[in-house]
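Novice:
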Amino acid sequence: MVNLASRWRTIRCLNGNILIRRKKHYHHLHPPHPLKRSILKNLSPPPHLHCFVSTLQQPKNSVSLDLYTPNKRISHLIRNGRINEARALFDAMPQRNIVTWNSMITGYVRRREMAKARKLFDEMPDRDVVSWNLMISGYVSCQGRWVEEGRHLFDEMPERDCVSWNTMISGYTRSGRMDEALQLFDSMQERNVVSWNAMVTGFLQNGDVERAIEFFMRMPERDSASLSALVAGLIQNGELDEAKRILLTSRRQDDDKGDLVHAYNILLAGYGQNGRVDKARQLFDQIPFYDGGQKDGGRFERNVVSWNSMIMCYVKARDIFSARVLFDQMKERDTISWNTMISGYVRMSDMEEAWMLFQEMPNPDTLTWNSMISGFAQKGNLELARALFATIPQKNLVSWNSMIAGYENNGDYKGATELYRQMLLQGEKPDRHTLSSVLSVCSGFAALHLGMQIHQQITKTVIPDIPINNSLITMYSRCGAIVEARTIFDEVKLQKEVISWNAMIGGYAFHGFAADALELFELMKRLKVRPTYITFISVLNACAHAGFVKEGRMHFKSMACEFGIEPRIEHFASLVDIVGRHGQLEEAMDLINSMPFEPDKAVWGALLGACRVHNNVELARVAAEALMKLEPESSAPYVLLHNMYADVGQWDNATEMRMMMERNNIRKQPGYSWVDSSHSG
DNA sequence: GTAGGGTTAG
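With full-length UniProt numbering, the residue at position 11 of the first sequence is 11, and numbering never jumps.
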């Protein structure tokens, strides 16, 4: 059920027009989802669907207003994206008037289906100025060469009103054609406040801050949109201080105080996006706040958006505590307040607090549920994530994506592919996020066949962006299809995206093509692409694979010296492997002793492997005993050491190993190979 | 039924 009531507000503008605005207002008429509380108790929820019943209302005193009702129905259907139903109604109508035709055209114009819009426009018995304006608006928002078509109609139309001019002007500004916009603006007989606003916005969208301010100052009249447009545009141009200066002067001059808060809120969000929380708080504190007083739309005071924006600033800065303090002080919260707070806790991976708020929240929407799902999934709690997923009143694409990504991140590739299959079965269309997750799944378990299917799907449905291409490179190289990986890599390498390079170098290293990996690494440095610690893991692994000792040492050293990257434990493990296999067991041991971490199983495993190759039983014992402590259930160190003792004829020690295994109740895992598995990353 | 601006997500 949607509990959405509307509040209407009328504003008299300076130009005498009356604007009617609808404010969204949420009522909590229904108790929280009953299953929300039962999930933790592990009740299995019955799948149920919610039907959305159209809430179209008949006018109270519906005297015969001819086509009023069916026209209203058409525009209602269009507003809700139900264009086909609208068209069916349109076709079935025995009588139509201009508004009927215009409404139908609006539907196609909004969807940028200009061919269909044009057909109706050409067919309609008579047109008014709105019909022409609609068509112009549709064409110019398609941009490119379509702007010309819009201009053609503009020149052809029998009479133009202010809307025609303004539509055409904003068509030009949005295409970056400021000269033509200015030309139209100058030749207008009667400009209104919208014409001026469009010019100010246009200058700002095209980076001309100076002329934007100049036009703003010259405006004969301003409305609530003028100041908001200026502030928003200044922020887009990085001029936050200038925006603040103008706000302060407007505060003194402007008599329409009720709309000042909108502009303040924009700047508040701007500070948040630029990480300037303190400036944001300063600004927030400057907005008057009448505690306990009556709300007054015409007065300059904090509204719920101000509070939400400030909370959002704190959440972005990971200051969840300050965010909560504000949240608790709020008298009136809306869905966004709750969602911001909950997603803040999710971001801090504090799922206890997120869960508590989720339960308190009067009317969670799909976004809320999605945050909870991805939060639990990120924490590795797939059962809870899945339980929530099963109970969402309304799923959307993000819900599917969060759940699939959750499986993927936790290495549950089967769960991910199974859910993806279900998603397709239920007729949901995957987007780039879905496809990217599924590609990672394919990389995870080297599913080349599925990976190729996804690749096909990608070429058909989305324009591949950088992350998608990177996922494709990773997928192909992980699946051993090095040539395919390289083909895609060669198409994108000039974007100098380090992840693409890492994926390709990693692919070579993983499949033992050490020379190719190192060659690519050299090219990368020549092209001034900055390597990351991940690049060096692959580079060192390639050296280990190929036995390039000198290069291995050299690259290890260059990490910190040349690129300021502190070696991590993976790099040490790799270097231990490199020098150890080369017989430099002392050096390997020194390396272990000198590193700033507790050695992990990869490090000891590398040393043990090296000892095995070079028959150093003493050092092997040190490594094996360390491994036994780290992984008491693993048989590998016992077996390896046993075999080494047997090889050199130390039968007592060999027997001791077997007895230790029995005593510790450790079962031999057949075919367990230490060194390989510790260096697959 | 047409023109310009504002807060939330994977």
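Don't be surprised by glycine CBs; every beta carbon is placed ideally from N, CA and C.
Looking only at its chain, what residues have a beta carbon closer than 7 Å to the beta carbon of Ile458, apart from the 5 residues adjacent to it on each side?
Specialist: For this step, residue 458 is matched to residue 458 along the first sequence. Cβ neighbours of Ile458 beyond the five flanking positions: Leu435, Pro464 and Ile468.
Novice: Helix, strand or coil, according to DSSP, for Leu40 in the structure here?
Specialist: Numbered from 1 along the first sequence, position 40 holds the residue referred to as residue 40. Reliability fails at Leu40, whose pLDDT of 38 lies under 50, so the model's placement of it is uncertain and no value is given.
Novice: Out of Ile235, Arg160, Gln286 and Ile246, which has the shortest C-alpha to C-alpha gap to Ala269?
Specialist: As a first step, residue 269 is located in the first sequence; it is residue number 269 there, counting from the start. Among Ile235, Arg160, Gln286 and Ile246, the Cα nearest to that of Ala269 is on Ile235.
Novice: Quick check: what's the CA-CA separation for Ala447 versus Val441?
Specialist: Stepping through the first sequence from its first residue, residue 447 is reached at position 447. Stepping through the first sequence from its first residue, residue 441 is reached at position 441. C-alpha separation (whole angstroms): 8 Å.
Novice: Using only the alpha-carbon positions, how far apart do residue 682 and Phe597 sit?
Specialist: There is no way to answer for residue 682, as the model of the chain reaches only from 1 to 681.
Novice: Just how far apart, CA to CA, sit Gly411 and Ile246?
Specialist: The residue you call residue 411 lines up with position 411 of the first sequence. The residue you call residue 246 lines up with position 246 of the first sequence. Distance between the alpha carbons of Gly411 and Ile246 is about 52 Å.
Novice: CA-CA distance, Leu397 and Arg581?
Specialist: In the first sequence, residue 397 corresponds to position 397, counting from 1. In the first sequence, residue 581 corresponds to position 581, counting from 1. Approximately 50 Å, taken between the alpha carbons.
Novice: Using a 10 Å radius around the Cβ and a threshold of 16 neighbouring Cβ atoms, would you call His455 buried or exposed?
Specialist: What you label residue 455 is simply residue 455 of the first sequence in a count that begins at 1. Under this definition His455 is a buried residue.
Novice: Alpha carbon to alpha carbon, how far is Leu575 from Ala503? Give it in angstroms, no decimals.
Specialist: What you label residue 503 is simply residue 503 of the first sequence in a count that begins at 1. What you label residue 575 is simply residue 575 of the first sequence in a count that begins at 1. Using only the alpha carbons, I get a separation of about 21 Å.
Novice: Have a look at Arg127, Asp126, Cys611 and Val147 and flag the residue whose alpha-carbon is nearest the alpha-carbon of Ile136.
Specialist: Here the question's residue 136 lines up with position 136 in the first sequence. The option with the nearest alpha carbon to Ile136 is Val147.
Novice: I need the boundaries of the alpha helix (DSSP H) containing Lys629, first residue and last residue.
Specialist: Your numbering for residue 629 matches position 629 in the first sequence. Segment Val617 to Leu630, the alpha helix (DSSP H) holding Lys629.
Novice: Taking the alpha carbon of Phe289 as the point to measure from, which residue in Gln584, Met330, Phe563 and Ala387 has its own alpha carbon closest?
Specialist: Numbered from 1 along the first sequence, position 289 holds the residue referred to as residue 289. Selected option, being the one with the closest Cα: Met330.
Novice: Ser371 and Ser343 look like a contact to me (Cβ under 8 Å); what is the Cβ gap, rounded to whole Å?
Specialist: As a position in the first sequence, residue 371 is number 371, starting the count at 1. As a position in the first sequence, residue 343 is number 343, starting the count at 1. Confirmed, Cβ separation roughly 5 Å.
Novice: Lys414 lies in the alpha helix (DSSP H); which residues open and close that run?
Specialist: If you number the first sequence from 1, residue 414 lands on position 414. Run containing Lys414: Tyr413 to Leu425, per the alpha helix (DSSP H) assignment.
Novice: Using the C-alpha atoms, what's the distance from His152 back to Met423?
Specialist: Numbered from its first residue, the first sequence carries residue 423 at position 423. Numbered from its first residue, the first sequence carries residue 152 at position 152. Looking at the two C-alpha atoms, the distance is approximately 45 Å.
Novice: What number of angstroms, rounded off, separates the C-alpha of Leu607 from the C-alpha of Met659?
Specialist: In the first sequence, counting from the first residue as 1, residue 607 sits at position 607. In the first sequence, counting from the first residue as 1, residue 659 sits at position 659. Answer to the nearest angstrom: the Cα atoms are 24 Å apart.
Novice: Between the C-alpha atoms of Trp604 and Tyr638, what's the straight-line distance to the nearest angstrom?
Specialist: The residue labelled residue 604 in the question sits at position 604 within the first sequence. The residue labelled residue 638 in the question sits at position 638 within the first sequence. Those two C-alpha atoms are separated by around 14 Å.
Novice: If you reduce the DSSP assignment to three classes, tell me which class Leu591 lands in.
Specialist: Along the first sequence, one-based indexing puts residue 591 at 591. Helix at Leu591.
Novice: Taking Glu631 as the reference, give the member of Asn664, Trp651 and Val617 with the closest Cα.
Specialist: Taking the first sequence and counting its residues from 1, the one referred to as residue 631 is at position 631. Of the candidates Asn664, Trp651 and Val617, the one whose C-alpha sits nearest the C-alpha of Glu631 is Asn664.
Novice: When the Cα atoms are used, what is the spatial distance from Leu35 to Leu357?
Specialist: Against the first sequence, residue 35 aligns to sequence position 35. Against the first sequence, residue 357 aligns to sequence position 357. Legend: pLDDT at Leu35 = 43, less than 50; position of this residue unreliable, no value from coordinates given.
Novice: Given His614, which residues of its chain have a CB within under 7 Å of its CB, disregarding the five upstream and five downstream residues?
Specialist: Mapped onto the first sequence, residue 614 falls at position 614. Excluding sequence neighbours, His614 sits near Gly583 and Leu585.
Novice: Count the other CB atoms within 10 Å of the CB of Thr474; is the residue buried (16 or more) or exposed (fewer)?
Specialist: If you number the first sequence from 1, residue 474 lands on position 474. Thr474 comes out buried.
Novice: Quick one, which of Gln143, Arg333, Asp259 and Asp241 has its alpha-carbon nearest residue 699's?
Specialist: Only positions 1 to 681 of the chain appear in the structure, and residue 699 is not among them; the question remains open.
Novice: Give me the Cα-Cα distance between Ala385 and Gly202, rounded to the nearest whole angstrom.
Specialist: Here the question's residue 385 lines up with position 385 in the first sequence. Here the question's residue 202 lines up with position 202 in the first sequence. Taking the straight line joining both Cα atoms gives about 45 Å.
Novice: Mind checking Pro599: buried by the 16 CB within 10 Å criterion, or exposed?
Specialist: Along the first sequence, one-based indexing puts residue 599 at 599. Under this definition Pro599 is a buried residue.
Novice: How many Å lie between His545 and Trp651 at the Cα?
Specialist: Counting from one through the first sequence, the residue named residue 545 turns up at place 545. Counting from one through the first sequence, the residue named residue 651 turns up at place 651. Straight-line Cα distance between these residues: approximately 33 Å.
Novice: Which same chain residues, not among the five before or five after Asn303, have their C-beta less than 6 Å away from its C-beta?
Specialist: The residue labelled residue 303 in the question sits at position 303 within the first sequence. So the list reads Val261, once near-sequence residues are dropped.
Novice: State the start and end residues of the unbroken alpha helix (DSSP H) segment that holds Asp241.
Specialist: The residue labelled residue 241 in the question sits at position 241 within the first sequence. Element bounds for Asp241: Leu240 to Gln253.
Novice: Hey, how far is the Cα of Lys460 from the Cα of Leu472?
Specialist: On the first sequence, position 460 is the one that residue 460 refers to. On the first sequence, position 472 is the one that residue 472 refers to. Approximately 15 Å between the Cα atoms of the pair.
Novice: Which runs of the beta strand (DSSP E) at least 3 residues long sit entirely within the segment 71-139? Give them in chain order.
Specialist: Those beta strand (DSSP E) runs which fall completely within the segment 71-139 and span 3+ residues do not exist here.
Novice: Could you check what DSSP says for Val462 in three-state terms: helix, strand or coil?
Specialist: In the first sequence, the residue the question calls residue 462 occupies position 462. Val462 falls in the coil class under three-state DSSP.
Novice: Could you check if Asp91 is buried or exposed, using at least 16 other CB atoms within 10 Å of its CB as the buried criterion?
Specialist: As a first step, residue 91 is located in the first sequence; it is residue number 91 there, counting from the start. Exposed, because fewer than 16 other Cβ atoms sit within 10 Å of the Cβ of Asp91.
Novice: Which whole-angstrom value is the C-beta distance of Leu204 and Asn237, which I expect to be below 8 Å?
Specialist: On the first sequence, residue 204 is found 204 positions in, with the first residue counted as 1. On the first sequence, residue 237 is found 237 positions in, with the first residue counted as 1. Indeed they touch by this definition, with Cβ atoms about 6 Å apart.
Novice: Give me, in chain order, the residues of the same chain whose beta-carbon lies closer than 6 Å to that of Phe389; leave out the 5 immediate sequence neighbours on both sides.
Specialist: The sequence position of residue 389 within the first sequence is 389, counting from 1. Closer than 6 Å at the Cβ level, and outside the excluded window around Phe389, lie Ile373 and Met403.
Novice: Starting from Phe154, trace the alpha helix (DSSP H) both ways and give me its first and last residue.
Specialist: Locating residue 154 in the first sequence gives position 154, where the first residue counts as 1. Here the alpha helix (DSSP H) through Phe154 covers Trp146 to Glu156.
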